[in-house]
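Have a look at the structure below before the remarks.
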Amino acid sequence: MSEPDFLTTEAGRRIAYHRTAGAGPGVVFLGGFMSDMEGTKALALEDWARASGRAFLRFDYSGHGQSSGSFAEGCIGDWAADARAVIEAVTEGPQVLVGSSMGGWISAILIREIPSKVAGFVGIAAAPDFTEDSMWRDFSADERARLMAEGLVHLPSDYGDPYPITRRLIEDGRRHLVLREALAMPFPVRLLQGTEDEAVERAVALRLLDHISGDDVRLTFVKGADHRFSSPECLALVERAVEEVIG
1 MSEPDFLTTE AGRRIAYHRT AGAGPGVVFL GGFMSDMEGT KALALEDWAR
51 ASGRAFLRFD YSGHGQSSGS FAEGCIGDWA ADARAVIEAV TEGPQVLVGS
101 SMGGWISAIL IREIPSKVAG FVGIAAAPDF TEDSMWRDFS ADERARLMAE
151 GLVHLPSDYG DPYPITRRLI EDGRRHLVLR EALAMPFPVR LLQGTEDEAV
201 ERAVALRLLD HISGDDVRLT FVKGADHRFS SPECLALVER AVEEVIG
């Protein structure tokens, strides 16, 4: 495994990234909550980009993977700022954003903030607004009270250690909600969602579809696919979606 390059942001966070040179528009992979750039989807897309001669970028948000910082100290606004900083610093021209889970939310924020840098969007089990519409919604009264009083609760995870959920994460998430108004996406958009995804409800994909304003927007449900969306068949679908968006 090659060593990453690093970018120090204006906020002083050190962001690890791997950039593959190639033709534009480039492709940027934005990972999920507590995931990193060494995941199956990111590496598969990197292989595809190399084989296709396409520019590609994968990176770790602060508090994730090989980047600096503690996960529990981060929030949606920080991670969106990290993504924006590395995209603006190391990519040339508009990019196709491929957002997995939380990366779909981060992508929507960036599309709103830096629309000239975006040529297309592929969402994989995209999870916009999940801190409010999933986490906070599903907290018990006791969990809400504890979070507000102590600033931290832990949620069980299917992927390892429990998730540390902070009051700052929830409150900052409310400042970055994207499903309260139309999302202008005047470029090709492909949304992919598994029917057996237990982390992101099907209704989220439909709600995102309804909020996107654009002329070339498609949602594909994949029967039997779970939240990982990493089977060979699912990875092939992701690659085809990226190719459609670029084409």
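Heads up: the sequence shown at position 167 corresponds to 167 in the numbering used here, and the numbers run straight through without jumps.
Glycine included, every Cβ here is placed at the ideal spot set by N, Cα and C.
Residue i vs residue j beta-carbon contact at 8 Å
{"i": "His18", "j": "Met34", "result": "no"}
{"i": "Ala119", "j": "Pro25", "result": "yes"}
{"i": "Phe130", "j": "Met148", "result": "no"}
{"i": "Trp48", "j": "Ser62", "result": "no"}
{"i": "His154", "j": "Glu198", "result": "no"}
{"i": "Val96", "j": "Val27", "result": "yes"}
{"i": "Val98", "j": "Leu57", "result": "no"}
{"i": "Thr166", "j": "Ala72", "result": "yes"}
{"i": "Ala83", "j": "Gly104", "result": "no"}
{"i": "Val204", "j": "Ile124", "result": "no"}
{"i": "Lys117", "j": "Glu88", "result": "yes"}
Inter-residue spacing [alpha-carbon to alpha-carbon] between residue i and residue j
{"i": "Thr40", "j": "Arg146", "result": "36 Å"}
{"i": "Arg137", "j": "Arg50", "result": "42 Å"}
{"i": "Glu243", "j": "Ala182", "result": "26 Å"}
{"i": "Met135", "j": "Val178", "result": "16 Å"}
{"i": "Ser140", "j": "Leu152", "result": "14 Å"}
{"i": "Leu209", "j": "Arg202", "result": "11 Å"}
{"i": "Leu30", "j": "Cys234", "result": "17 Å"}
{"i": "Ile246", "j": "Phe121", "result": "10 Å"}
{"i": "Ala241", "j": "Asp142", "result": "43 Å"}
{"i": "Ile114", "j": "Arg174", "result": "20 Å"}
{"i": "Leu45", "j": "Ala23", "result": "15 Å"}
{"i": "Gly69", "j": "Pro164", "result": "14 Å"}
{"i": "Ile212", "j": "Ala184", "result": "6 Å"}
{"i": "Glu150", "j": "Asp172", "result": "16 Å"}
{"i": "Ile170", "j": "Ile106", "result": "15 Å"}
{"i": "Pro128", "j": "Leu206", "result": "12 Å"}
{"i": "Leu43", "j": "Glu196", "result": "23 Å"}
{"i": "Arg180", "j": "Pro94", "result": "26 Å"}
{"i": "Ser2", "j": "Ala11", "result": "26 Å"}
{"i": "Asp158", "j": "Arg112", "result": "31 Å"}
{"i": "Glu132", "j": "Arg144", "result": "12 Å"}
Cutoff 7 Å; reference residue i; Cβ partners in own chain excluding five residues on either side
{"i": "Phe6", "result": "Arg14, Ile15, Ala16"}
{"i": "Ala281", "result": "No statement about residue 281 is possible, as the shown extent of the chain runs from 1 to 247 and does not include it."}
{"i": "Phe59", "result": "Ile15, Ala16, Tyr17, Met37, Val86"}
{"i": "Pro186", "result": "Gly214"}
{"i": "Arg168", "result": "Cys75"}
{"i": "Pro162", "result": "His154, Leu155, Pro156"}
{"i": "His176", "result": "Ile76, Gly77, Ala80, Ile109"}
Residues near residue i by beta carbon distance below 6 Å, same chain, minus five either side
{"i": "Gly194", "result": "Val222, Ala225, Asp226, Phe229"}
{"i": "Gln66", "result": "Pro4, Ala16, Asp60"}
{"i": "Thr220", "result": "Leu192"}
{"i": "Ser231", "result": "none"}
{"i": "Ile32", "result": "Reading the sequence as shown, one finds Gly at residue 32 and not Ile. So the qualifying residues of the chain are Ser100, Ser101, Met102, Gly103."}
{"i": "His64", "result": "Asp36"}
For the 8 Å Cβ check, are there 3 or more pairs between the segment 214 to 230 and the segment 174 to 192?
yes
Taking only runs that begin and end inside the segment 134 to 179, name each unbroken beta strand (DSSP E) of 3 or more residues, in chain order.
152 to 155, 163 to 166
May I have a chain-ordered list of the alpha helix (DSSP H) segments no shorter than 4 residues that lie completely inside the segment 53 to 96?
76 to 90
If you scan the segment 100 to 131 from start to end, which runs of the alpha helix (DSSP H) of 4 or more residues do you find wholly inside it?
102 to 113
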